[in-house]
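Data block below; observations after.
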Amino acid sequence: MDSGEQPAEDPVVVTVRKIKITKLHKGVGKVGDTIEVKELGGNLGGTEYVSDESTPLVPGKPYLLFLTTFPDQPASVITPVQGQYPLDGAGEPQSLPDNKLKMTTKNLEQLTRAASQ
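Taking this note's numbering, the leading residue of the sequence shown gets 90, the next gets one more, and so forth.
In structure tokens:
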């Protein structure tokens, strides 16, 4: 490489997943709708790109997601750590390992009521 060349940067790779709404606490949409949600990382040209900042959503696994939306774009999880909570077998949200913010069904119901007032 001569002194004028810049090293190639890794591309910003995103994966867009289709997510079915099974329960809606706030926002636009209704139960049964399918929405698109984008997340960092994915496969491009046979190379797997992994974001150190996020935990990929697992297809078929239920989640509580806190999303932000923009016109004409898929929704995004608000933060990689605090915006997604996998649901356990009883439907209770489980925090990701680096998430100090715990969420319970009771907390979520309180937040939903407060947001609708």
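For glycine and all other residues, C-beta sits at the position ideal for the given N, C-alpha and C.
Since the model is a prediction, treat every value here as computed from it, not as a measurement.
DSSP, reduced to helix, strand and coil, places residue 199 within a helical segment of the structure shown.
Residue 169 sits away from residue 152, with the two beta carbons spaced by 7 Å or more. Where residue 108 is concerned, the enclosing beta strand (DSSP E) starts and stops at 103 to 109. Nearest in C-alpha terms to residue 203, of all of 110, 115 and 99, is 115. Here residue 127 has 103, 105, 163 and 165 as same chain residues with Cβ atoms under 6 Å from its own Cβ, once five neighbours each way along the sequence are excluded. Counting along the chain, residue 175 sits inside the beta strand (DSSP E) bounded by residues 173 to 175. In the three-state reduction of the DSSP assignment, residue 164 falls in the strand class. Close CB contacts of residue 108 within its chain, under the 6 Å cut and outside five residues either way in sequence, are with 124 and 126 (chain order).
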